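Positions 88 to 600 (this note's numbering) are the ones given, in order, by the sequence shown.
See below for the structure under consideration.
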Amino acid sequence: MSTSAKDRIIIFDTTLRDGEQSPGCSMYLEEKLRMAELLDRMGVDVIEAGFPIASQGDFESVNEVAKLVKNAAVAGLCRAKTADIEAAAEALKPAKRRRIHTFISTSPLHMKHKLQMPPEDVLDAVTQSVTTARKFTDDVEWSAEDATRTEDDFLCRCVEAAIKAGATTINIPDTVGYTVPEDYAAIFTMLLARVPDIDKAILSVHCHNDLGLAVANSMAGIKAGARQAECTINGIGERAGNAAMEEMVMAMRTRPDAYPFETGIDTTMIMSASRTLSRITGFAVQPNKAIVGANAFAHESGIHQDGMLKHAQTYEIMTPDSVGLQKSEIVLGKHSGRHALRKKLEDLGYNLGENAFQDAFKRFKDLADNKKNVFDEDIIALLGDDRNENERIKFVSLTVSAGSQGQSATLSLEIDGMVRQADSSGNGPVDAIFNAIRILFPHEASLPLYQVHAVTGGTDAQAEVTVRLEEKGLMAMGQSADVDTMVASCRAYIYALNKLLRKQKRTANEVGP
Ligand code: KIV
Ligand code: ZN
């Protein structure tokens, strides 16, 4: 640990890599760029943009993120293989600050069954991979995959080898979410005491949430001497997810007595980052999720409301403003112009380019024609509803007939450039719509999740629909919002289907970490 970085925690965001690896969370290039721009603006120190060797799409994403990001270092993940490292170095070339992140498993279980390599060969691979990575950049991170189930002596030898070969950050992942705070802290204490030249590298925490302990474990690691925290927005990530950035950052901000550390994160951008990611991935945030859940700052019980009215701190340990949750006085309507929308977007933490803004303005006007008051949540829902131009299936129009006499749908879609129409019936209007989609574009995917919720109050509220499709182990989420629940349902399904098709195409050539 370098003494100059003593109390500053480096925030390493892996939403675009570990987060994107989680089922149903894949993102289009444009979506990754939108997230990367936001993460950069909110003060993330390192953005892990992907795993360049995994696929052409991943390579391109890392490369485009590297071109876009202004302040943060951009990291690319690679196994301990020369081809991986060369691909990462190439993808990261345009970055102002580039980091190569190389990893190999060090636990007996992983070495024997996954790598099928003896420990001495793994140790050689550590030296070789870090040495190779250092040819391309001075900023090299080495990770001991499954570190928390690794024998202490072997972990020390690997960390020593990595530092000797030039690694500047040493990451200790709890890959399977197995550790507990005391044990995790003890690993850092042990490394700091035993590994020669440990002060030449920054130690890093990287925790998965299988036991719901990812943030607690990460904070314990930081208290024990780690100075980099790896995390994701909304805690998305493999299986139960990664440590949630917003939870760690707000814990440090709210409890400096327990966690006397600072980060470079502008916490007022937390809500906007959370919502943007949720819209992009179609992964709704659970209402009682810490910091960013819809109920995190809501008070319903009479006693709590009474206390809040007398003094907000009676039941609130953080202010809504501190995470960017403003109860805005300005409600937009159909007479609001570009200027008002631009101002509202700025207040909500969005910084749209000219084309995206014009597009948002048009959709805002369409919405305002159908809805008296357009609330902040409506605007955010509307922004999330932009779609990729290269999608195979595009929504054209929908007419639905519903009621006690039966339900039917007439749907037009543009499929690979050709507009086609189908009529269908079903057990309810939504079923009729989804049947029409299957007629126009036959596919086998099952529908394990269909969820609707009202974005704001009132009978003219936008309905936000989430759809999850699954086929042969692949999963894709789609989300859409519209004042018409049927239109939102149809669009959400199409969005999920497009994502599934893209995933199926890409899976054939993929390499997993
Ligand atoms: O969880 C893990 O071990 C990882 C590594 C690849 C860093 O994500
Ligand atoms: Zn991980």
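Backbone N, C-alpha and C fix where the C-beta goes; we use that ideal spot for every residue, glycine too.
Here the structure is a predicted model, which is why all the values come from computation and not from measurement.
1) Compute the minimum distance between the beta carbon of R105 and the heavy atoms of the ligand ZN, and state whether it is under 7 Å.
2) Return the Cβ separation of T572 and V552 in integer angstroms, given the expectation that the two are a contact with Cβ distance under 8 Å.
3) To the nearest angstrom, report how far apart R244 and E232 are at their CA atoms.
4) Tell me whether E107 is buried or exposed, calling it buried when 16 or more other Cβ atoms sit within 10 Å of its Cβ.
5) Between L290 and I257, is the Cβ-Cβ spacing less than 8 Å?
6) Is there contact here, the segment 317-328 with the segment 293-308, by at least three beta-carbon pairs under 8 Å?
7) Would you grab the beta carbon distance between G394 and S359 for me? Rounded to a whole angstrom, and I think it's under 8 Å.
8) Looking only at C-alpha atoms, which of A170, D132, T169 and E177 sits nearest to S148?
9) Apart from the five residues on each side of it in sequence, which residues of its chain come closer than 6 Å, Cβ to Cβ, to Q508?
10) For K590, which of L527, A548, E478 and I526 has the nearest alpha-carbon?
11) Is it right to say G440 is buried, meaning 16 or more other beta carbons lie within 10 angstroms of its own, or is it exposed?
12) Please name the residue or residues paired with M505 in a DSSP beta bridge.
13) Which same chain residues end up closer than 8 Å to R121 when comparing Cβ atoms and leaving out the 5 residues on each side of it in sequence?
14) Among A220, E135, D94 and S194, whose alpha-carbon lies nearest the alpha-carbon of K310?
15) Measuring straight from C-alpha to C-alpha, what distance separates A160 and Y402?
16) With a threshold of 6 Å on Cβ separation, who are the neighbours of T101 within its own chain once the five nearest residues in sequence on each side are excluded?
17) Using the C-alpha atoms, what's the distance from E558 back to A583?
18) Please classify L419: does DSSP put it in a helix, a strand, or coil?
19) Run the CB neighbour count on S89, radius 10 Å, all protein chains shown included, and call it buried at 16 or more, exposed below.
20) What residues are listed by DSSP as bridge partners for D569?
21) Around the C-beta of M198, are 16 or more other C-beta atoms found within 10 angstroms, so that it is buried, or is it exposed?
22) My guess is that A468 and A496 are in contact by the Cβ rule of under 8 Å, so how many angstroms apart are they, rounded?
23) Cβ of L300 less than 8 Å from any chain C Cβ?
24) Let's test the definition: count the other Cβ atoms within 10 Å of the Cβ of G545 and tell me whether it reaches 16, buried, or not, exposed.
25) Looking at C-alpha atoms only, which residue of F528, T355, A447 and K449 is the closest neighbour of M505?
26) According to DSSP, what are the bridge partners of N258?
27) Going by the beta-carbon positions, is the gap between C577 and L485 smaller than 8 Å?
28) Span of the beta strand (DSSP E) holding D408?
29) For the pair the segment 348-358 and the segment 511-521, tell me if three or more CB-CB distances fall below 8 Å.
30) Starting from K481, trace the beta strand (DSSP E) in both directions and tell me its first and last residue.
31) Report all residues from its chain with a CB closer than 7 Å to the CB of M129; omit the five preceding and five following residues, and keep chain order.
32) From the DSSP output, which residues share a beta bridge with Q315?
33) Can you find the residues in the same chain that come closer than 7 Å, C-beta to C-beta, to A288, ignoring five residues on each side of it along the sequence?
34) Considering just the uninterrupted stretch of the beta strand (DSSP E) at I285, what are its terminal residues?
35) Tell me the DSSP bridge mates of N329?
36) Of the residues E238, N304 and V302, which one's Cα is nearest the Cα of L278?
Put simply:
1) According to the sequence as given, residue 105 is Asp; it is not Arg. Yes - the ligand ZN has a heavy atom lying nearer than 7 Å to the Cβ of D105.
2) 7 Å
3) 14 Å
4) buried
5) yes
6) yes
7) In this structure G394 is not in contact with S359, their Cβ atoms being roughly 29 Å apart against a cut-off of 8 Å.
8) E177
9) S499
10) E478
11) exposed
12) I502
13) Counting only Cβ-Cβ distances below 8 Å, and skipping sequence neighbours, we find T363 and I367.
14) Restricting attention to A220, E135, D94 and S194, the CA atom closest to the CA of K310 is found in D94.
15) 38 Å
16) Residues E135, E317 and T319 of the same chain have their beta carbon placed closer than 6 Å to that of T101, with the five preceding and five following residues left out of the count.
17) 12 Å
18) strand
19) At S89, the pLDDT of 42 sits below 50, so the modelled position is not reliable and the matter cannot be decided from this model.
20) The partner list for D569 (beta bridge, DSSP) reads A550.
21) That one is buried.
22) Between A496 and A468 the Cβ distance is about 23 Å, and since that is not below 8 Å, they are no contact.
23) In the displayed structure, chain C is absent; only one protein chain is listed.
24) exposed
25) Closest in C-alpha terms to M505, from the list F528, T355, A447 and K449, comes F528.
26) S230 and S291
27) yes
28) Premise fails: D408 is in no beta strand (DSSP E) and is neither H nor E.
29) no
30) Segment I480 to S488, the beta strand (DSSP E) holding K481.
31) I352, D353, M356 and A360
32) I97 and S291
33) For A288, where only same-chain residues beyond five positions count, the Cβ hits under 7 Å are I250, A254, T255, T256 and I257.
34) Element bounds for I285: n/a, residue is neither H nor E.
35) H295
36) Ranking the options by Cα distance to L278, first place goes to E238.
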